[in-house]
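What follows is one structure encoded as structure tokens, with my remarks underneath.
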Amino acid sequence: MSATLATRGLGDKLTGLFWRKPNLLLMLLLMPPLIWLGLVYLGSLAALLVQSFYSIDEFSGVVVPEFTLRTYGELFRAQNMDIILRTLMMSASVTIGCAVLAFPIAYFAARYARGPWKAAFYLGVMLPLWSSYLVKIYAWKLILAKEGIIGWAAGATGTTPILEAVLSIPGIGGNSLSTSFLGTWMVFVYVWLPYMILPMQASLERVPQSMLEASADLGASRAQTFRTVVLPLALPGVIAGSIFTFSLTMGDYIIPQIVGTSARFIGLAVYQLQGTAGNIPLAAAFAVVPIVIMVIYLMLAKRAGAFDAL
Amino acid sequence: MKTIKLMGSTALSVLLALGPVAAQVTSLGAPEGQVNIVAWPGYIERGETDATFDWVTKFEAASGCKVNVKTANTSDEMVALMNEGGFDLVTASGDASLRLVAGKRVQPINIDLIPSWSTVDERLKTASWHTVGGVHYGVPYMWGPNVLMYNTEVFKEAPTSWNVVFEEMTLPDGQSNKGRVQAYDGPIHVADAAQYLMFHKPDLGITSPYELNDAQYAAALDLLRVQRTLTSRYWHDAFIQMDDFKNEGVVASGSWPFQVNLLKAEGQPIASTIPQEGATGWADTTMMHVDAANPTCSYLWMEHSLSSNLQSDLAVWFGANPSVPAACTDGRGMLDAAGCTANGLDDFEKIRFWTTPVSNCSQGDGACVPYYRWVSDYIGVIGGR
Amino acid sequence: MTAAVEFSNVTRHFGAVRAVDGVDFTIAEGSFFAMLGPSGSGKTTCLRLISGFEKPTGGRIRIFGEDVSEVPPHLRNVNTVFQDYALFPHMNVADNVAYGLMVKGMARAKRMRRAEEMLALVKLDGYGGRKPAQLSGGQRQRVALARALVNEPRVLLLDEPLGALDLKLREAMQDELKALQQRLGITFVFVTHDQHEALSMADQLAVFNEGQIAQIGTPEDIYARPATRFVADFVGSSNVLPPEVTHALGGPLAWASLRPEAMHLHTSEGARLMGEVNSLRYLGGATRVSLRLMAAEGGAEVSVLVPAGQTLPLVGSTVGLGFDQTALHVMERA
């Protein structure tokens, strides 16, 4: 008997230990990511929060490490509110644009595409993600420029008046697509579209065919089925996609730098305030805004029943 | 070129009063074998981008000092790298140099150990952005003006005033300037507006575009709000600006000789001028880290950086002006007198070099609007407020 | 009596697969019609052809005389209870039941009242506020039934509705469904692969095999007088006798069926039929004895059902077989 026991090596003993105490193994496996998540990830988030409660000394320009809400008060100054509202409007309209464009694509892919069509769909959606983000944006700048592809195409097809009419819409228009909010919106929609299509397609794929048949069977037209069955059941996917498009738009500081009117968005303001102005507290306060907005957004989504079908 | 960004540290003036005078090198030893430099992209070329622009290889052979370059894209990055340490030299712009001095990251320079010091432009020898309390903290490297770039097909003759970018008007081609001009996407551009007002509204009493009291500052912002209605996009990246001149129909903007030279080289109908109001500009200085591990090689490089053929080639490469005027005329590099004139050498007096606005200024302690307010207000102006 | 549903030479092909291949039948109004067959036999496809989820490749379908080839599912006055119930998970039970009324535009208060009535009909009153996920399988089944009935269809289609329930519940539901159908008086079309279910509930029964109808008739017809070997085998596991055996038993030279319960065992002496016991299978109420007939009778395999309480033979022993001559059913087709 003891001879048998003596042959057990260290590996066997460890296996035995883990078998007897499975929580130990789980803890060992989870420790590194938890440390990462807890210290590095949440830690830096906490540091950010703390910074936002400091303020900058008006006279010397140095950060005063004392608790104050003054920096948050700064956010309510007119030009800062402009930035927040501008970013919100852009994020919301980009999300709506992405949702409207993505739905038919995702619906086709989820319900009709099979075999090679499915592969072509995935390739088509993912392909833009393989090239550099910056290259895509610079390419769009050229497409949207006054003397760019769209301007040329409008000239060639005699639709220049239509383009000009669109560009003369106050608020979203501008000198050319590449220097207008409309252009910024188009590039945002292009860049984030895959992040809307993929979760949408996944959620649509999970809606059983029999659900649609049941709806039609009970007398619902296609439009009614879409509104009362498909949309509510696909809503978690739409919400997941919108969380991507909404938060990515809110945080982006590259696109509005290259395409648009130079008016600041939150990301750009954070970048400039922490980098060149040395106003880390205000940058931190700005950085907290998207977090707060996302929390409110998720709460509204939950109340609207977006997660009921999960 | 570089995206020059400024740091609003009003702490400067406070710290400067303490007057740091560290010990300086009195004699040179044997070369240490290497020198580590933080520099703007394109400032220290060894022929890798273009074989004809190489001012490193021969230096390495002659001195036995291997040159290691770490490029930085903003003044903040430069300051951060110097704070980290491990570097010997930095090519600091006017807005970074005084911060480095105040932070005691750089040491005084013994000009007796730099034989070429005598060749340095008299106008730069004691410039305020590297000389504090009579002590030299660096060797001038390059400087340049922020010129008015324009399209020669629209302007048959050079515009004589910055008003083409500040006020709505009909350009020589009969069309409005609305949507066809640009401005720099950095708060320091407030100084350009102030300089314009200095000329056109003398009753405001502006003496320096970097020292503005509340009334002067408000007037500058009002001017910038007019400019916002003319500008479809502000520029911050030299290559994007070049693009905009080529395919966005932009015909006039404040710019750097760098873009002007590149566009001209491409055959674009582009020229530049310094209008009657003058111009703002930038001036860079080679400074030495307080704990430089390779002082001898550092001094050898500073001496080399003033050699007229280097200055000449760099000025051509960068569209800037040499700190050594002889480089314009002695024919040892690619530069000639016409090139120097084009880059603004003769306009030194018209140029007001970038400095960080601080609240304690010549108008009195706390009398001026500090830089961080320039930042937030310029954001508001660009946002249409 | 009018025909509720009428199929004339209907086919439905999926590529090379002939799921439904030239089917003709008529379902009388008010009847309980079962479609029975193994999986893949075409019965579910026929149901989906009635509801409109499949379009026929050929032939004609009429519902109450109307040709429905141009009528989409939501415009047909038929409703379906789906195999997986297909309840909408994001709606509560009352909203599920009222769905058909909601899409027709009935006011909320009115349709909620109707839903509550329907829930009472399926004995689920008071469950309206729950989500489908909070119900048991049997309860979900009733909700699906109520939801389909709320539209007052003239034909109710049931696609294996009891398949997911356990035996006891299934039997209870069978009784309820039958009672409900008689009470409402509407036509039920019921798809199942369970022959007991079909036999016990249906007025009329169609047995499907490989896309065609093997036999159509009353449960008694089908059980006692199967038309083909397939029907005999599938409905009630009958003994299928080759022609020579039928002949040896005094019938014509043709295929015949003989129900296991119509046969009995006795001692071997003097028996007309002899067989060797292969195996025994205990079924509770009876024991199924499999035996091989002696060579003289053609050597076929037959099963005999021995009621509980009688002496069972030993495996390997030879026994005599007796049978009721009237139970020997000669099949028209092979």
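First to last, the protein sequences are chains A, B and C.
Sequential numbering of the first sequence, starting at -7, is according to the numbering used here.
Sequential numbering of the second sequence, starting at 65, is according to the numbering used here.
Sequential numbering of the third sequence, starting at 1486, is according to the numbering used here.
Ideal placement from N, C-alpha and C gives every residue a C-beta, glycine not left out.
**Message:** Strictly under 7 Å for the Cβ-Cβ distance: is Q71 (chain A) near chain C by that measure?
**Reply:** Not closer than 7 Å to any Cβ of chain C, the Cβ of Q71 (chain A) fails to qualify, so no.
Next on the checklist: Give me the DSSP bridge partner(s) of N385 (chain B).
Outcome noted: B:W207.
- Query: Where does K1838 (chain C) sit, in a helix, a strand or coil, going by DSSP?
  - Reply: Because chain C is modelled from 1486 through 1819, residue 1838 (chain C) falls outside the range shown and cannot be assessed.
Helix, strand or coil for Y263 (chain A) per DSSP?
Helix at Y263 (chain A).
Open item on the list: Cutting at 6 Å between CB atoms, please list the residues of its own chain near P389 (chain B), excluding the five before and the five after it.
Closed with: Closer than 6 Å at Cβ, skipping near neighbours: D185.
Would you report the Cα separation of Y1570 (chain C) and R1625 (chain C), rounded to the nearest angstrom?
C-alpha separation (whole angstroms): 7 Å.
Bridge-paired residues (DSSP) for D209 (chain A):
Beta-bridge pairing links D209 (chain A) to no other residue.
Sub-7 Å separation of M286 (chain A) and S239 (chain A) beta-carbons: Their beta carbons are under 7 Å apart, which means M286 (chain A) touches S239 (chain A) by this criterion.
task = Taking only the alpha-carbon atoms, compute the straight-line gap between G198 (chain B) and G149 (chain B) and give it to the nearest angstrom.
result = Whole-angstrom Cα-Cα distance: 26 Å.
**Asked** Going straight from the alpha carbon of V1815 (chain C) to that of E1746 (chain C), what length do you get?
**Response** Between V1815 (chain C) and E1746 (chain C), the C-alpha separation is close to 17 Å.
**Prompt:** Using DSSP with H/G/I as helix, E/B as strand and the rest coil, what is A1488 (chain C)?
**Reply:** In the structure shown, A1488 (chain C) sits in a strand (DSSP, three-state: E or B).
| message | How far does the beta strand (DSSP E) with E1761 (chain C) in it extend, from its first residue to its last? | response | Where E1761 (chain C) is concerned, the enclosing beta strand (DSSP E) stretches over 1758 to 1767.
Over the uninterrupted alpha helix (DSSP H) stretch that includes G1702 (chain C), give me the two end residues. DSSP places G1702 (chain C) in no alpha helix (DSSP H) but in the uninterrupted beta strand (DSSP E) bounded by 1697 to 1702.
- request: Reducing DSSP to helix, strand and coil, say where I334 (chain B) ends up.
  value: Strand.
List, in chain order, every chain C residue whose beta-carbon is nearer than 9 Å to that of L225 (chain A). At a C-beta separation below 9 Å, L225 (chain A) has these neighbours in chain C: F1573, P1574, H1575.
**Report entry** Rounded straight-line distance, which links the Cα of L409 (chain B) to that of S182 (chain B)
**Finding:** Our two residues, S182 (chain B) and L409 (chain B), have alpha carbons roughly 18 Å apart in a direct line.
Quiz prompt | Identity of the residue in C:R1598, C:A1618, C:G1622 nearest G1611 (chain C) by Cα | solution = The shortest Cα separation from G1611 (chain C) among C:R1598, C:A1618, C:G1622 belongs to C:R1598.
Residue-level contact to chain D via CB, R62 (chain A), 7 Å cutoff: Given the protein chain composition of this structure (A, B and C), no chain D is represented.
Worksheet entry | Length of the line joining the Cα atoms of E139 (chain A) and G147 (chain A) | So the two alpha carbons sit approximately 10 Å from each other.
Practice problem: Output yes if chain C places a C-beta closer than 7 Å to the C-beta of A194 (chain A); else output no. | Solution: It does not: the Cβ of A194 (chain A) has no partner Cβ on chain C nearer than 7 Å.
### Query
From this set, B:S157, B:K220, B:V422, B:N215, which residue's C-alpha is nearest W193 (chain B)'s C-alpha?
Minimum Cα distance to W193 (chain B) is reached at B:S157.
- Roughly how many angstroms lie between the CA atoms of K5 (chain A) and R12 (chain A), to the nearest whole one? Those two C-alpha atoms are separated by around 10 Å.
| field | Beta carbon proximity, S1536 (chain C) to chain A, threshold 7 Å | value | Answer yes: the Cβ-Cβ gap between S1536 (chain C) and chain A drops below 7 Å somewhere.
Could you confirm whether any beta carbon from chain C is found closer than 7 Å to the beta carbon of E139 (chain A)? It does not; no Cβ of chain C falls within 7 Å.
Exercise. What is the rounded straight-line gap between the Cα of D118 (chain B) and the Cα of T419 (chain B)?
Worked result: C-alpha separation (whole angstroms): 31 Å.
For V170 (chain B), return the contacting residues in chain A, with the cut-off set at a CB-CB distance below 7 Å. Per Cβ cutoff of 7 Å: no residues; V170 (chain B) is ~19 Å from chain A at best.
What would DSSP say about N358 (chain B), mapped onto helix, strand or coil?
In the structure shown, N358 (chain B) sits in coil (DSSP, three-state: anything other than H, G, I, E or B).
Considering just the uninterrupted stretch of the beta strand (DSSP E) at F1675 (chain C), what are its terminal residues?
Note, F1675 (chain C): beta strand (DSSP E), 1672 to 1677.
How would you list, in chain order, the residues of chain A whose beta-carbon sits under 8 Å from the beta-carbon of E217 (chain B)?
Going along chain A, no residue has its Cβ under 8 Å from E217 (chain B), so there is no contact; the nearest lies around 14 Å.
Item to check | M352 (chain B) - containing beta strand (DSSP E), residue span | outcome: From DSSP, the beta strand (DSSP E) with M352 (chain B) extends over 343 to 352.
Contacts of R163 (chain B) in chain A (Cβ-Cβ under 7 Å)
From the beta-carbon of R163 (chain B), no residue of chain A is found nearer than 7 Å; the closest lies around 10 Å away.
So, V228 (chain B) versus A160 (chain B), is the Cβ gap smaller than 7 Å? Their beta carbons are not under 7 Å apart, which means V228 (chain B) does not touch A160 (chain B) by this criterion.
Can you give the beta carbon distance from A226 (chain A) to L196 (chain A), rounded, assuming they're within the 8 Å contact cut? Cβ-Cβ separation between A226 (chain A) and L196 (chain A): approximately 5 Å, consistent with a contact (criterion under 8 Å).
Q) Taking the alpha-carbon positions, what's the L164 (chain B) to G3 (chain A) distance? A) Those two C-alpha atoms are separated by around 58 Å.
key: Inter-stretch contact at 8 Å, needing at least 3 Cβ pairs: the stretch 335 to 349 of chain B / the stretch 215 to 232 of chain B   = Enough Cβ pairs lie closer than 8 Å, so yes.
For a quick check, are the C-beta atoms of T1672 (chain C) and E1514 (chain C) less than 7 Å apart?
Yes, the pair counts as a contact, with Cβ atoms nearer than the cut-off.
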